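Engineer:
There are 2 protein chains.
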Amino acid sequence: MSTTGRGLHGHVLESLGPAIAAGEYPPGSVLRTDELAQRFDVSRSVMREAVRVLESMHLVESRRRVGVTVRPKSEWNVYDPQVIRWRLAGADRPGQLRSLTVLRSAIEPVAAGLAAKNATADQCAELTECALGMVAHSRGHQLEGYLVHDIAFHRVVLTASGNEMFARLGDVVAEVLAGRTHHEVMFEDPDPAAVTLHVQVAEAVRAGDAARAEHLTREITVGALQELDILAP
Amino acid sequence: MSTTGRGLHGHVLESLGPAIAAGEYPPGSVLRTDELAQRFDVSRSVMREAVRVLESMHLVESRRRVGVTVRPKSEWNVYDPQVIRWRLAGADRPGQLRSLTVLRSAIEPVAAGLAAKNATADQCAELTECALGMVAHSRGHQLEGYLVHDIAFHRVVLTASGNEMFARLGDVVAEVLAGRTHHEVMFEDPDPAAVTLHVQVAEAVRAGDAARAEHLTREITVGALQELDILAP
DNA sequence: CGCCAACAAAAAGTCAGACTTATTCATCAC
DNA sequence: GTGATGAATAAGTCTGACTTTTTGTTGGCG
């Protein structure tokens, strides 16, 4: 599932990245390339490549004579899927999940509205298929099957919006939904009302009713916010 | 203004990144590290570091025996500020500006609503200061001064929302606003209605009126969409 | 006592070359 | 035609020497 890990430098990243993302090294901490190379038992070339990648994510800054310093969290490229994964794997997973859910609540309704205008016939069909799959797996503890269709549903909506920025949030939404199912309390079957809303969104998109698609999706995201107690009930 | 450029590998990136982002190399194009190193007159080590960064942005993929292949645009990390800058500097600048403006229209109203709940007293003061600055520079071709306060205003709102994901869009919004002023037709003074809206948003945030702040900001973004003919007038 | 300049140390940056490894393609036997 | 064998290729890795920038210190001078 993870995209990195190929090559030695990937291996190093997989170990060092999460550590930094988890705040193990407070902002301003200084790492030396040579020391890191020794610690991970790789050559300086490999370690330098890893540092370059961390630098491109704005997790660290490399300066001559001083070393590799960890940047404050406020400067990180928090939209980098890799960084998101690393943070979700770490200590501030709950906070990260909250931030991302709020982001969802802003993006997805607008995306659904655009999808109603721009979705192709194929995408409409795929959407109803996903919604029906959700219905089919909504009862009797088929959480995994439900999740698959839920993820696919939201991914199609984001893609069908026609906006590339929205489309690229598909992976993020997938992480959030999967996280909710796997790590949060989610032993019971999904809320029937939420399932119905998804079906209705699919209908609205097919009908080209942008306002309705947006409104219904907003109700879905409001539900997601309430689950995390971000909104008052 | 640009964060990259330090070191040889930065120079290479500054040249190769925009070229790829501009679509100069169609998806699937194959580059060889050694050839690139020769072309840019740098050592392989340096070129490898540059390629690693491009790889972390998902602009290219490096595979043994085949080379460095350019990925399809749909896989790029389009939220990477560097990638955004590169694309804004290239041929599909208009499309990029449209995508980002739509993104703004989704994010900023929600951010303003949250800001109304979470903004500190300092942030409220800063906000009104920005709004007043906009008013002060809204007449008599003081576009640069107006822009500075406009950017600051939106940055404060995004930061005051308390959501780190929103906060990190400050730079993106700045790019969009600056782009509109510098490269689009913007010879006349800003729309007085827009200026008023900003002042009112500042008031709503200070008053803690989330719904009003969100609604007013939505009106601002609708105006931005109309400017680009994304919405019917 | 304070300030500026020269100097020395430290760590990243750069380079060149040799070697390893995975992958692909072509060849050949079956 | 299919599957195994092998050679070619380009990335991956390592090492060691060298350069450059930055920082902190030292020492001289006002």
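Chain order of the listed sequences is A and B.
Going by numbering that gives the first Met the number 0, the residue at position 115 of the first sequence is 114; the numbering climbs one at a time, nothing skipped.
Going by numbering that gives the first Met the number 0, the residue at position 42 of the second sequence is 41; the numbering climbs one at a time, nothing skipped.
Yeah, the Cβ is synthetic: ideal placement off N, Cα and C, and Gly gets one too.
Computed from a prediction, not measured in an experiment: that's the story for all the values here.
1) Looking at chain A, is there any beta carbon in it that lies within less than 8 Å of the beta carbon of Ala159(B)?
2) According to DSSP, simplified to helix, strand and coil, what is Ser73(B)?
3) What are the uninterrupted segments assigned as alpha helix (DSSP H) that are 4 or more residues long and contained completely in the stretch 7–82 of chain B, given in chain order?
4) Is any beta-carbon of chain A found at less than 8 Å from that of Ala223(B)?
5) Sorted by chain position, which residues of the same chain lie with C-beta nearer than 7 Å to Phe165(B)'s C-beta, five sequence neighbours on each side aside?
6) Spatial neighbours of Arg217(B) within its chain, please: C-beta separation below 6 Å, excluding the five flanking residues on both sides.
7) Do you know offhand how far Val52(A)'s Cα is from Val11(A)'s?
8) Quick check on DSSP: helix, strand or coil for Pro189(B)?
9) Buried or exposed: which applies to Val65(B), given that a residue is buried once 16 or more other Cβ atoms fall within 10 Å of its Cβ?
10) Have a look at Gly16(A), Gly178(A), Asp40(A) and Ala223(A) and flag the residue whose alpha-carbon is nearest the alpha-carbon of Val82(A).
11) Mind checking the stretch 71–82 of chain B against chain A and listing, in chain order, the residues whose C-beta falls within less than 9 Å of any C-beta there?
12) In the structure shown, what three-state DSSP assignment does Ser137(B) receive?
13) So which residues of chain A does Asn238(B) contact, with C-beta pairs closer than 8 Å?
14) Can you look up Asp149(B) in the DSSP assignment and give me helix, strand or coil?
15) Quick one: using the 10 Å Cβ neighbour count with 16 as the cut-off for buried, is Thr119(B) buried or exposed?
16) Which residues bound the alpha helix (DSSP H) around Asp91(A)?
17) Based on Cα-Cα distance, which residue from Glu202(B), Ala130(B), Asp208(B) and Ser98(B) lies nearest to Ala151(B)?
18) Measure the C-alpha to C-alpha separation of Ala177(B) and Leu87(B) and round it to an integer number of angstroms.
19) Output yes or no for whether 8 Å exceeds the beta carbon distance between Val134(A) and Val198(A).
20) Name the residues in the stretch 16–34 of chain A whose C-beta lies less than 8 Å from a C-beta of chain B; which are they?
21) In chain order, what residues of the same chain lie with their CB nearer than 8 Å to the CB of Leu224(B), ignoring the 5 residues before and after it?
22) So for Asn162(B), helix, strand or coil by DSSP?
23) Near Leu113(A), what residues of its chain come up, given a Cβ to Cβ distance below 7 Å and the 5 sequence neighbours on each side ignored?
24) For the candidate residues Arg167(B), Ala115(B), Asn117(B) and Lys116(B), whose alpha-carbon lies nearest to that of Pro78(A)?
25) Taking beta-carbon pairs under 7 Å, can you tell me which members of the stretch 31–55 of chain A lie near chain B?
26) Determine whether the beta carbon atoms of Pro93(B) and Pro26(B) lie at a separation below 8 Å.
27) Under the three-state reduction of DSSP, which class applies to Asp208(B): helix, strand or coil?
28) Is it right to say Arg47(B) is buried, meaning 16 or more other beta carbons lie within 10 angstroms of its own, or is it exposed?
29) Nearest by alpha-carbon distance to Gln95(B): which of Ala20(B), Ser14(B), Val147(B) and Glu187(B) is it?
30) Thinking just about the alpha-carbon of each residue, which of Gly144(B), Val45(B) and Asn76(B) is nearest to the one in Val59(B)?
31) Would the beta-carbon of His140(A) fall within 8 Å of that of His148(A)?
32) In chain order, what residues of the same chain have a beta carbon less than 7 Å from the beta carbon of Glu13(B), not counting five sequence neighbours either side?
33) Taking just the CA atoms, how far does Pro80(B) sit from Pro191(A)?
Structural biologist: Per the coordinate set shown:
1) no
2) helix
3) 7–20, 32–39 and 43–55
4) no
5) Ile106, Ala110 and Leu157
6) Pro108
7) 11 Å
8) coil
9) exposed
10) Gly16(A)
11) Lys72, Ser73, Glu74, Trp75, Asn76, Val77, Tyr78, Asp79, Pro80 and Gln81
12) coil
13) Lying before the first or after the last residue shown, residue 238(B) is absent from chain B, which here runs from 0 to 232.
14) helix
15) exposed
16) Unbroken run through Asp91(A): none, as it is neither H nor E.
17) Ala130(B)
18) 11 Å
19) yes
20) none
21) Thr100, Val101, Ser104 and Leu230
22) coil
23) Ser160, Gly161 and Asn162
24) In the sequence on display, residue 78(A) carries Tyr and not Pro. Here the closest residue by C-alpha is Arg167(B).
25) Ser44, Arg47, Glu48, Arg51, Val52 and Ser55
26) no
27) coil
28) buried
29) Ala20(B)
30) Asn76(B)
31) no
32) Thr3 and Gly4
33) 40 Å
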